[in-house]
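Notes to accompany the following structure.
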Amino acid sequence: MDLGEGVRRALAKITGAPLVDEKAILELVKELQRVLLTNDVNVKLVFQLTQRIQEKALKEKKAQTLNLREHIVKIVYDELANILGEAYEPKTEKKKIMMIGLYGSGKTSSIAKVAKFYQSKGLNVCAVAGDVHRPAAVEQLQQLAEQVHCGFFSLPGKPAEEVAKAALSLQNQYDVLVLDTAGRSSFDEDLSQELKRMAAVFQPQETFLIVSADLGQVAGKQAEQFNKAVGITGVIITKMDGSGKGGGALSAVHASKAKVAFITLGEKPDALEAFDAKKFVARLVGFPDLDSLLQKVKEASDEEDLQRALEEGKLDYETFLAQLRSMRKMGPLKQVLQLLGLYDVPEELLGQSEHKLKQFEAAVLSMTPNERKNPDLMKNRSHQERVAKGAGLPADAVRELVTNFERMNKMVKGLKGNRGLSKKLQRMLPQGFKF
Ligand SMILES: Nc1nc2c(ncn2[C@@H]2O[C@H](COP(=O)(O)OP(=O)(O)O)[C@@H](O)[C@H]2O)c(=O)[nH]1
Ligand SMILES: [Mg+2]
């Protein structure tokens, strides 16, 4: 389970719980612990985090504008962001950057990404081929530089520190120099010495350690090690797209007191972003920021209309359409359902639902107010045909929708007075309501 899905699942324990009580909070905490541990977040860190969430959720007074669910979602969000790091704000100014890290960590490919990043800020960038031990490394960098249209500099056959030194003259032509360096399969004295010599002549303002997300917690140890030996100003965590340990890597680097500067999320040169823990967490749960997340929670807990219909054991097309619309507003159906704690809805059904939902909406809009209030009328063929014509749908589609509505209505009747939207949907959806 990836971190995002895991956190969403954990949050669903609260957003979908019929009652937010200590038990629901403990379940949320337990689920969070599980997902963080599977993401290789350090056990101690996980324990501290969940302890804090539990304490705050149970004791801290909530802001008056937040309901209890929102309050807890906010605590989880804040605490997660807290362990993952801060926001890095790269300055748009002339600078020299040195990229260091073990072999295969993603140094060379990150140079192209960083180059592209600064180019997009209007700076001229030159990539400097300081990994001189393998000719292939120089070629790789040259190709990448061509691909992103940045400058490229190499001195074939010369030692790395000479390349670093010669590159200094490029500062007249370029705003940003990015120096590649050699890696080893593990950290050793040789590597440390070479990097120190290079840094001494190059005098970088930024020294980025590149680590792969799949190192998990070990990324923190590496950050400590490189920092002690060579000194680093930030860390770039690569391969965040393919690793189930990204959370572990981020939190461990942050715990080591190093700053996560960028993360990369793919092989393409634009797959890099300046790291911002809060944005990262928001996106993990599928929203651009905390506010929009809270908005969704509010909507998800705003179940009054349907609740009333359920309590009365009577559903009409009006209520149902309103409900469907508010669910649509909440984003992709899948996300909404997950927020409500529904994970077992087959993918196939979900894909179909959006389409059917639109048809359904069109059909309801073509009904007369009378038909909307009195769903029995819609069982009549001639009504169905009229609505189909009005909505521009095949008669079959309307018939199917009516059948589905009736099925839903029957279930609603059966559920009369049964509290908790999540539980109801859980029973209703997978069983047969196919919209
Ligand atoms: N999927 C994915 N692959 C990456 C990412 N960053 C680097 N890679 C791949 O990792 C491999 C090693 O990268 P490279 O830059 O050559 O590592 P270096 O030895 O440290 O210079 C290459 O195949 C890259 O395409 C990333 O963010 N996502
Ligand atoms: Mg390389």
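Heads up: the sequence shown begins at 1114 in this note's numbering, then just goes up one per residue. We put the beta carbon where it would ideally sit given N, CA and C, even for glycine.
From the DSSP output, read off the bridge partner residues of ASP1389.
Counted from its first residue, the sequence shown places residue 1389 at position 276. BP columns for ASP1389 point to ALA1200.
Quick one: Cα of ARG1122 to Cα of GLY1357, how far?
Here residue 1122 refers to the residue found at position 9 when the sequence shown is read from its first residue. Here residue 1357 refers to the residue found at position 244 when the sequence shown is read from its first residue. So the alpha carbons of these two residues sit roughly 16 angstroms apart.
So what's GLU1118 in DSSP terms, helix, strand or just coil?
Here residue 1118 corresponds to residue number 5 of the sequence shown, with the count starting at 1. Reduced to three states, the DSSP call for GLU1118 is helix.
Helix, strand or coil at ILE1188 [DSSP, three-state]
Working through the sequence shown from its first residue, we reach residue 1188 at position 75. Helix at ILE1188.
DSSP three-state call for VAL1343: helix, strand or coil?
For the purposes of this step, residue 1343 is taken as residue 230 along the sequence shown, with counting starting at 1. Coil at VAL1343, not helix or strand.
THR1205: first and last residue of the uninterrupted beta strand (DSSP E) it sits in
Within the sequence shown, residue 1205 is the residue found at index 92, counting from 1. Premise fails: THR1205 is in no beta strand (DSSP E) and is neither H nor E.
List in chain order: all unbroken alpha helix (DSSP H) runs of 4+ residues lying wholly within the stretch 1256 to 1293.
Listed in chain order, the alpha helix (DSSP H) elements of length 4 or more contained wholly in the stretch 1256 to 1293 are 1273 to 1280.
In chain order, what residues of the same chain lie with their CB nearer than 6 angstroms to the CB of GLN1232, ignoring the 5 residues before and after it?
Start at 1 with the first residue of the sequence shown, and residue 1232 comes out as number 119. Closer than 6 angstroms at Cβ, skipping near neighbours: VAL1238.
Candidates LEU1171, LEU1145, THR1128, LEU1406: closest to VAL1159 by CA position
Here residue 1159 refers to the residue found at position 46 when the sequence shown is read from its first residue. The residue from LEU1171, LEU1145, THR1128, LEU1406 with its alpha-carbon nearest to that of VAL1159 is LEU1145.
Out of SER1495, ALA1395, ALA1125, which has the shortest C-alpha to C-alpha gap to LEU1193?
If you number the sequence shown from 1, residue 1193 lands on position 80. Nearest of SER1495, ALA1395, ALA1125 to LEU1193, Cα basis: ALA1395.
What residue from PRO1272, SER1267, ILE1166, VAL1186 has the CA that sits closest to ASP1402's CA?
On the sequence shown, residue 1402 is found 289 positions in, with the first residue counted as 1. The shortest Cα separation from ASP1402 among PRO1272, SER1267, ILE1166, VAL1186 belongs to VAL1186.
In chain order, what are the residues with a CB under 7 angstroms from some non-hydrogen atom of ligand 2?
What you get when you keep residues with a C-beta closer than 7 angstroms to any heavy atom of ligand 2 is LYS1220, THR1221, ASP1244, ALA1250, GLN1253, ASP1293, GLY1296.
Straight-line gap, THR1294 to ALA1125 (C-alpha atoms, nearest Å):
What you label residue 1294 is simply residue 181 of the sequence shown in a count that begins at 1. What you label residue 1125 is simply residue 12 of the sequence shown in a count that begins at 1. Taken atom to atom, the span from the alpha-carbon of THR1294 to that of ALA1125 is near 45 angstroms.
Quick check: what's the CA-CA separation for VAL1133 versus LEU1149?
Counting from one through the sequence shown, the residue named residue 1133 turns up at place 20. Counting from one through the sequence shown, the residue named residue 1149 turns up at place 36. Put simply, the backbone Cα of VAL1133 is about 22 angstroms away from that of LEU1149.
Same chain, Cβ closer than 8 angstroms to GLN1497, five either side skipped, listed in chain order
For the purposes of this step, residue 1497 is taken as the residue at position 384 of the sequence shown. Correct list, in chain order: MET1491, ALA1508, VAL1511, ARG1512, VAL1515.
Could you tell me the alpha carbon to alpha carbon distance between PRO1317 and ASP1288, rounded to whole angstroms?
The residue given as residue 1317 occupies position 204 in the sequence shown. The residue given as residue 1288 occupies position 175 in the sequence shown. Straight-line Cα distance between these residues: approximately 13 angstroms.
Alpha helix (DSSP H) segment containing PHE1315, residue limits
By 1-based counting over the sequence shown, the position of residue 1315 is 202. Segment 1302 to 1315, the alpha helix (DSSP H) holding PHE1315.
Nearer than 6 angstroms: is that true of the beta carbon of ASP1191 relative to any heavy atom of ligand 1?
In the sequence shown, the residue the question calls residue 1191 occupies position 78. Taking 6 angstroms as the cut-off, the C-beta of ASP1191 does not count as close to any heavy atom of ligand 1.
According to DSSP, is LYS1580 helix, strand or coil?
Since the first and last residues shown for the chain are 1114 and 1548, residue 1580 lies out of range.
Terminal residues of the continuous alpha helix (DSSP H) containing GLU1319?
For the purposes of this step, residue 1319 is identified with residue 206 of the sequence shown, where counting begins at 1. No alpha helix (DSSP H) contains GLU1319, which is instead part of the beta strand (DSSP E) from 1319 to 1325.
May I have the straight-line CA-CA distance separating ALA1225 from LEU1290, to the nearest angstrom?
Here residue 1225 refers to the residue found at position 112 of the sequence shown. Here residue 1290 refers to the residue found at position 177 of the sequence shown. Rounded to whole angstroms, ALA1225 and LEU1290 show a C-alpha spacing of 12 angstroms.
Under the rule that 16 or more other beta-carbon atoms within 10 Å means buried, what is GLY1505, buried or exposed?
Position 392 of the sequence shown holds residue 1505. Exposed.
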